[in-house]
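Heads up: the sequence shown begins at 19 in my numbering, then just goes up one per residue.
All C-beta atoms, glycine included, are put in the ideal place defined by N, C-alpha and C.
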Amino acid sequence: MTTAVTETSGEDRFVTHHEEEQIVSNSGHWDENSPVKNEESQAMQEHRATVGRFSPQDQKRIIQRIDWRIMPIVGAMFCICLLDRANLGAANIAGMAQELGLNEGMRYSIITLVFFPTYIVFEIPATLLIRWVSPRLFLSSVVMTWAVILIGAGFAHEWQVIAGLRAILGILEAGFFPGCLYFLSTWYTRYEMHKRYSMWYFIASTLTSCGGILAYGLMQMHGTAGLAGWRWIFIMEGVITAAVGLAGYVFLVGFPESKKRYRYFLSDAEVSFVLARINLDRNDAEITSFNLREFLLHTFDLKLWLFGLIYCFTLVVGYSFAYFLPIILLYKLEFSLAAAQCLVAPPYFLGGLVMLGQGWLGDKYKTRAPIILFNCLLTLVGLPVMTWSRGASSQYVGVFIAVIGANSNIPAAMAYQANNIRGHWKRAFSSATFVALGGVGGVGGIAGALVFRSQDAPTYLPGIYACITTQVLTAMIVIYLSWRFRRDNKAADVGAKVIEGDTAFRYTI
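Structure, rendered in structure tokens:
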């Protein structure tokens, strides 16, 4: 029988070729040049034995069951999250701007902006809350609060009321996105994450891309019950949001190590398998007690902030399009109102397909940085084509290229971050800072709300220049981290460094 040697925490140990493949598949840190060692810790032997009790077919079946139980409902929730942002732009061109006077000064930008400060302030506390409350109750309750806010916006008669509701929404929503990142990472190994993040974002962004079509349909309710069309956009999408929130209470599950019975979709033996494979991958399936001092010490880990900056710069482009693409299509590319609402969808759908393909490639070849750099290049090509080419058709092609690059980098950045940290509380802290700097409610979202200003219409050149700059900076950070990770991996291979508190852990480049 063919044998091979794997690095473990003990001395030399020979394993079969089948065992070697299982180790590489689950842990992702096989290194042929590592010193030969021949005895695993007792714990790792037990984890490997637990995994070995299940045939490859059974293992695949369990993972598919987890996928079907978690991904659709979390994807639907994230879809609602994105839809709640896109509907602001749709309502704006559907009559809200004229009725509430949003074209005066910076009123529209203020409405998009006020969400973010409250979101950032409550980000870390809210992310800790998901650990203490449970994903099922926390995430579902957050979605239900969105429904109340949306329906309330449909009855607002002053622009200040809309602004106030969005500030409250920032508080209520602060833990959703980082909580989802953290929650998903607890169920999957590192080299399953890019596919799952891509699928999660694909479900959300594809359905959200139809938000313009939905908004156009809801606009036709103008005059029903004496309400304007833009009001029906908020009210009916609020009703849809409430339905998704109620579904979350029924279908969402807890953390894999939780003793709560709402994870009954797996047997105890199957849950043990899930935990064992995570321990083989990164040895952090079990939760440790919370220590505030240790939790705050993570603030000194530079790479966590650099991950956040990557996401921040990615979201400057991503959320600029989310907020302003209907406006750009209407006023810059001079499409009709109906066309502007409907033409938002195709770039996001094609971008979702590219995103899924990249997720499969990234997990198969255990790589992250090259994919992020490629997407930066796509965005850097698409933005100038959208801005300076002649004719609406060629400019719309530029929209496709830029949206594909920017959107595909969102799950790629998530996977890059998730692959290069370990430990529950560090993962929670990193998810919060990641989103605070970059994500749905962070600095990237603030910048995305501000870079495309009404007074810069129809060219929006300052916003275009800002987006180009962010992509260059993203590439520079990724190149630096790749160099640093490669250096640290080499040091760990010769025993000169321990990465993330685990002698077997290696960074993913």
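Inset, instruction - Check each candidate in G423, I419, A358, I346 and name the one with the smallest Cα separation from T477. - result: I346
Legend entry - Unbroken alpha helix (DSSP H) run spanning K508, endpoints: 479 to 511
Inset, instruction - Classify K78 as buried or exposed, calling it buried when 16 or more other Cβ atoms lie within 10 Å of its own Cβ. - result: exposed
Inset, instruction - Tell me, please, which residues DSSP counts as bridged to I517. - result: D520
Legend entry - Local Cβ density within 10 Å of W86, reported as buried at 16 or more and exposed below that: exposed
Legend entry - Validate contact between the segment 413 to 420 and the segment 490 to 501 using beta carbons, cut 8 Å, 3 pairs: no
Inset, instruction - Reducing DSSP to helix, strand and coil, say where K575 ends up. - result: The requested residue 575 does not occur in the structure, where the chain is confined to residues 19 to 527.
Inset, instruction - Give every residue of the same chain whose Cβ lies closer than 6 Å to the Cβ of N393, excluding the five residues on either side of it in the sequence, and list them in chain order. - result: G423, S426, N427
Inset, instruction - With C198 as the anchor, note down where its alpha helix (DSSP H) starts and where it stops. - result: 194 to 203
Inset, instruction - Check E64 in the structure and name its three-state DSSP category. - result: helix
Legend entry - Per-residue burial, E176 [other beta carbons within 10 Å of its own, 16 or more giving buried]: exposed
Legend entry - Residue nearest to P402 in terms of C-alpha spacing, selected from F353, Y366, P480: P480
Legend entry - DSSP three-state assignment for S73, whether helix, strand or coil: coil
Legend entry - Reduced DSSP category for D299 - H, G, I as helix; E, B as strand; rest coil: helix
Inset, instruction - Report the residue ranges of all alpha helix (DSSP H) runs contained in full by the segment 336 to 402; include only those spanning at least 4 residues, in chain order. - result: 355 to 360, 363 to 382
Inset, instruction - Find out if the Cβ-Cβ distance for the pair L147, I167 is shorter than 8 Å. - result: no
Inset, instruction - Give a yes or no on contact between the segment 191 to 203 and the segment 91 to 98, applying the rule of three or more CB pairs nearer than 8 Å. - result: yes
Inset, instruction - Quick one: residues in its chain with C-beta nearer than 8 Å to the C-beta of A509, no 5 flanking neighbours on either side, listed in chain order? - result: K515
Legend entry - Exposure label - P74; buried when at least 16 CB within 10 Å: exposed
Inset, instruction - Would you tell me roughly how many angstroms separate the C-alpha atoms of G46 and Y137, rounded to the nearest one? - result: A caution first: G46 carries a pLDDT of 42, below 50, which makes its placement in the model unreliable, though a value can still be read off. Whole-angstrom Cα-Cα distance: 35 Å.
Legend entry - Per-residue burial, I41 [other beta carbons within 10 Å of its own, 16 or more giving buried]: With a pLDDT of only 37 at I41, under the threshold of 50, the placement of this residue in the model should not be trusted; the figure read from the coordinates follows. Flag for I41 reads buried.
Legend entry - Rounded C-alpha distance that separates G336 from L314: 30 Å
Inset, instruction - Decide yes or no for the touch test of the segment 236 to 253 against the segment 151 to 158: beta carbon pairs closer than 8 Å, at least 3 of them. - result: no
Inset, instruction - Please report the Cβ distance between T14 and A450, rounded to the nearest whole angstrom; I am assuming they are in contact, meaning their Cβ atoms lie under 8 Å. - result: This structure gives no information on residue 14, because the portion of the chain shown stretches from 19 to 527.
Legend entry - Nearest-angstrom Cβ-Cβ length linking G235 and A112, presumed shorter than 8 Å: Actually they are not in contact, since the Cβ atoms of G235 and A112 sit about 11 Å apart, beyond 8 Å.
Inset, instruction - Pick helix, strand or coil for T526, following the three-state DSSP scheme. - result: coil
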